[in-house]
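Below: one structure, written as structure tokens.
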């Protein structure tokens, strides 16, 4: 029998997930670029990774987030530790005239936060488990593939080459997930 004075409760996360706002644009750009540099050093040539421009990326993110600039239907959430963007997720919701599935367009978490639950929280926050979802992932990214499989995605046979890097990508799909009953 365990020591009754020792509680094994789940630690309270030191991050919070919130909808992205214009003030997060630079943090999202920094997180995106640094996540690529951390995760893809063995996949993407060093000159490509070195050529990323944070200012240019921040301006593109700001345009996408700014409703006054005609921001899109994408939904972006950020994980913040203090004021720092440590991860983000972007999802395109199913459209009335478009596909009947959501598209997970981006999910990035800084390497220092791998395995902490940040990515899990981003996925749970941004995706409705009752809506089918698709995503594209590098075929040679075993950590990402394992994460997506754990969250119910399976490779559906579609492949393409990512235009920026010419690396092979797999499409993964997730059917609607049952929502757990928390009533009792």
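Numbering (the numbering used here), first residue to last: 204 to 387. Glycine residues also receive a C-beta, built at the ideal position from the N, C-alpha and C atoms. Predicted, not measured: the structure shown is a model, and the values here were computed from it.
Can you check which of these residues, the options, is closest to residue i by C-alpha distance?
{"i": "residue 280", "options": "349, 263, 230, 254", "result": "230"}
{"i": "residue 286", "options": "376, 356, 374, 218", "result": "218"}
{"i": "residue 336", "options": "353, 242, 303, 320", "result": "303"}
{"i": "residue 237", "options": "269, 379, 310", "result": "310"}
{"i": "residue 368", "options": "220, 250, 235", "result": "250"}
{"i": "residue 352", "options": "257, 308, 323", "result": "323"}
{"i": "residue 312", "options": "282, 273, 225", "result": "282"}
{"i": "residue 256", "options": "360, 316, 239, 267", "result": "239"}
{"i": "residue 318", "options": "288, 350, 345, 308", "result": "350"}
{"i": "residue 284", "options": "234, 278, 361, 366", "result": "234"}
{"i": "residue 354", "options": "366, 362, 375", "result": "375"}
{"i": "residue 267", "options": "345, 316, 360, 308", "result": "308"}
Please go through the same chain and pick out, in chain order, the residues whose beta-carbon is closer than 8 Å to the beta-carbon of residue i, but skip the five residues on each side of it.
{"i": "residue 370", "result": "246, 247, 341, 342, 343, 364"}
{"i": "residue 331", "result": "305"}
{"i": "residue 276", "result": "Only weak support is given to the placement of residue 276: the predicted model assigns it a pLDDT of 49, under 50, and the value that follows is read from those uncertain coordinates. Result list for residue 276: 295, 296, 298, in chain order."}
{"i": "residue 362", "result": "342, 371, 372, 373, 374"}
With 16 other CB atoms within 10 Å as the buried threshold, where does residue i fall?
{"i": "residue 293", "result": "buried"}
{"i": "residue 290", "result": "buried"}
{"i": "residue 209", "result": "Per-residue confidence for residue 209 stands at a pLDDT of 41, beneath the threshold of 50, marking its modelled position as unreliable; no derived number is given."}
{"i": "residue 221", "result": "exposed"}
{"i": "residue 228", "result": "buried"}
{"i": "residue 329", "result": "buried"}
{"i": "residue 242", "result": "buried"}
Indicate whether residue i and residue j have their beta-carbon atoms separated by less than 7 Å.
{"i": "residue 358", "j": "residue 338", "result": "no"}
{"i": "residue 261", "j": "residue 223", "result": "no"}
{"i": "residue 377", "j": "residue 356", "result": "yes"}
{"i": "residue 333", "j": "residue 297", "result": "no"}
{"i": "residue 225", "j": "residue 265", "result": "yes"}
Near residue i, what residues of its chain come up, given a Cβ to Cβ distance below 6 Å and the 5 sequence neighbours on each side ignored?
{"i": "residue 347", "result": "340"}
{"i": "residue 314", "result": "241"}
For residue i, which residues in the same chain have their Cβ closer than 7 Å to its Cβ, ignoring the five residues on either side in sequence?
{"i": "residue 316", "result": "289, 290"}
_If we require 4 or more residues per run, which alpha helix (DSSP H) segments fall completely within the segment 252 to 340?_
For the segment 252 to 340, whole alpha helix (DSSP H) runs of length 4 or above, ordered along the chain, are 257 to 268, 321 to 329.
| field | Sequence ranges, beta strand (DSSP E) only - wholly within the segment 216 to 241, length at least 3 | value | Runs of beta strand (DSSP E) with 3 or more residues, each lying fully within the segment 216 to 241, are found at 219 to 222, listed in chain order.
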